[in-house]
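Structure first, commentary second.
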Amino acid sequence: MTPDGSLLAATGLRKAYGPTTALDGADFSIHPGEVVAVMGPSGSGKSTLLHCLAGIVRPDAGTVTYAGQQLSAMPDSRRSALRRAEFGFVFQFGQLVPELTCLENAALPLRLTGVRRREAEGRARSWLERLEVEDVAGHRPGEVSGGQGQRVAVARALVGGPRVIFADEPTGALDSLNGERVMRLLTDAARETSAAVVLVTHEARVAAYSDREVVVRDGRARDMAGAYDPA
Ligand code: ADP
8 MTPDGSLLAA TGLRKAYGPT TALDGADFSI HPGEVVAVMG PSGSGKSTLL HCLAGIVRPD
68 AGTVTYAGQQ LSAMPDSRRS ALRRAEFGFV FQFGQLVPEL TCLENAALPL RLTGVRRREA
128 EGRARSWLER LEVEDVAGHR PGEVSGGQGQ RVAVARALVG GPRVIFADEP TGALDSLNGE
188 RVMRLLTDAA RETSAAVVLV THEARVAAYS DREVVVRDGR ARDMAGAYDP A
């Protein structure tokens, strides 16, 4: 934990890709069990912020602190181990492994940390039930609908009991009914398990599931305290 009680915090993040400044001194913090929507126009730096917070991208300057440890100073191997053990990810397109069944996909994070198949698949099955997609457990991702696939992806993000879930436009490829369902199931499950959720979205309808909104503009993040002005 950081002194203000936050689980994950970033200060003064800067990141440039050649001549393009993606982050220009961004600050961010999130508490356990909190759902924070990161909003802002396309190209404003939302995904780069998420990738820095998750330790996928190393910022050029600034710090990311997770549970009292400075992520940006860790060697890559330690950062990836921490990511596997403590973070869950949901992307716009589920990115399920096409050769595996939905059950095997949902169990994958546990298998990668050495949990035996039987135990991993048992836990994955209960998440598929919780997300109302147990009927597609034996299907491959190519045989299920977009909404079902995304719920399998949410089960995969939750199966390891992560303390932070990073969701980058998780409903971007879904119709509004399926999008709302995924958001409800994701945020309910996160609140029940006290996981924090960093939710990147450009849709106010999706951000409505958050406790707090942060707007990124020109690589800087601003806390909106619930008042999002899209103008
Ligand atoms: P958002 O998620 O808000 O759409 P991004 O964080 O993806 O914004 O991008 C911020 C800026 O950084 C954009 O101008 C984008 O083109 C640029 N950018 C992001 N990732 C890369 C990359 N890997 N290589 C080059 N430029 C990038």
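Numbering (the working numbering), first residue to last: 8 to 238.
Here a beta-carbon is modelled for each residue, glycine too, at the ideal position from N, C-alpha and C.
Please read all numbers here as calculations on a predicted model, not as lab measurements.
Verify whether the separation of the beta carbon atoms of A203 and L14 is less than 8 Å. Along the sequence shown, read from residue 1 onward, the residue named residue 203 stands at position 196. Along the sequence shown, read from residue 1 onward, the residue named residue 14 stands at position 7. For A203 and L14, yes; Cβs fall inside 8 Å.
To which residues does DSSP link K22 through a beta bridge? In the sequence shown, residue 22 corresponds to position 15, counting from 1. The partner list for K22 (beta bridge, DSSP) reads L30.
Name the one or two DSSP bridge partners that L15 has. As a working mapping, residue 15 is identified with position 8 in the sequence shown. Per DSSP, I37, Y73.
In whole angstroms, what is the alpha-carbon distance linking D225 and R130? Locating residue 225 in the sequence shown gives position 218, counting from the first residue. Locating residue 130 in the sequence shown gives position 123, counting from the first residue. Rounded to the nearest angstrom, the two C-alpha atoms are 42 Å apart.
What residues come near the ligand ADP, if near means a beta carbon less than 5 Å from any of its heavy atoms? Y24, T27, A29, S49, G50, S51, G52, K53, S54, T55
Is the distance from the Cβ of P105 to the Cβ of G149 below 8 Å? The count along the sequence shown starts at 1 and reaches residue 105 at position 98. The count along the sequence shown starts at 1 and reaches residue 149 at position 142. Yes. Within cutoff.
Would you say R65 lies against chain C (beta-carbon separation less than 8 Å)? Reference to chain C is not applicable here, since this structure consists of a single protein chain.
Report back the beta-carbon spacing between L282 and C109 to the nearest angstrom; my notes put them in contact at under 8 Å. What the structure shows of the chain is the stretch from 8 to 238, and residue 282 is not part of that stretch, so it cannot be assessed.
Using the beta-carbon count (16 or more within 10 Å), is P26 buried or exposed? Reading the sequence shown from its first residue, position 19 is the one you call residue 26. When all chains shown are included, P26 counts as exposed.
Report buried or exposed for G75, applying the criterion of at least 16 other Cβ atoms within 10 angstroms of its Cβ. Taking the sequence shown and counting its residues from 1, the one referred to as residue 75 is at position 68. Counting Cβ neighbours within 10 Å, G75 comes out exposed, since fewer than 16 surround it.
Going by Cα to Cα distance, which pick from L78, D230, R170 is closest to E199? As a position in the sequence shown, residue 199 is number 192, starting the count at 1. Among L78, D230, R170, the Cα nearest to that of E199 belongs to R170.
Given a cut-off of 8 Å, decide if F35 and A16 are closer than it, judged by their beta-carbon atoms. On the sequence shown, position 9 is the one that residue 16 refers to. On the sequence shown, position 28 is the one that residue 35 refers to. Against a cut-off of 8 Å, the Cβ pair of F35 and A16 comes out as a contact.
If the criterion is Cβ atoms closer than 8 Å, does the pair E220 and A228 meet it? Residue mapping note: residue 220 aligns to position 213 of the sequence shown, counting from 1. Residue mapping note: residue 228 aligns to position 221 of the sequence shown, counting from 1. No, the Cβ-Cβ distance between E220 and A228 is not below 8 Å.
Whole-Å CB distance - R21 paired with G52, under 8 Å assumed: Looking up residue 21 in the sequence shown gives position 14. Looking up residue 52 in the sequence shown gives position 45. R21 to G52, Cβ: 10 Å. No contact.
Could you pull out every residue in the same chain whose Cβ sits closer than 7 Å to the Cβ of H38, ignoring the five residues on either side in sequence? Within the sequence shown, numbered from 1, the residue matching residue 38 stands at position 31. Excluding residues within five positions, the ones whose Cβ falls inside 7 Å are G12, S13, L14, A203.
Which residues mark the beginning and the end of the beta strand (DSSP E) in which M46 is found? Locating residue 46 in the sequence shown gives position 39, where the first residue counts as 1. First-last of the beta strand (DSSP E) with M46: 42 to 46.
Contact check, L78 vs V223 under 8 Å by CB: the rounded distance? Within the sequence shown, numbered from 1, the residue matching residue 78 stands at position 71. Within the sequence shown, numbered from 1, the residue matching residue 223 stands at position 216. Wrong, their Cβ atoms sit about 19 Å apart, outside the cutoff.
So, with DSSP's three-state summary, where would you put L206? In the sequence shown, residue 206 corresponds to position 199, counting from 1. Three-state result, L206: strand.
By alpha-carbon positions, which one of R86, G153, A211 ends up nearest to F98? By 1-based counting over the sequence shown, the position of residue 98 is 91. Across the set R86, G153, A211, the C-alpha of G153 shows the shortest separation from the C-alpha of F98.
Between the alpha carbons of Y73 and V207, how many angstroms are there, rounded? Numbered from its first residue, the sequence shown carries residue 73 at position 66. Numbered from its first residue, the sequence shown carries residue 207 at position 200. Rounded to whole angstroms, Y73 to V207 spans 19 Å at the Cα level.
Beta strand (DSSP E) segment containing R219, residue limits: Within the sequence shown, residue 219 is the residue found at index 212, counting from 1. Taken as a continuous stretch (DSSP letters only), the beta strand (DSSP E) holding R219 covers 219 to 224.
Using the C-alpha atoms, what's the distance from G95 back to A197? In the sequence shown, counting from the first residue as 1, residue 197 sits at position 190. In the sequence shown, counting from the first residue as 1, residue 95 sits at position 88. Distance between the alpha carbons of A197 and G95 is about 11 Å.
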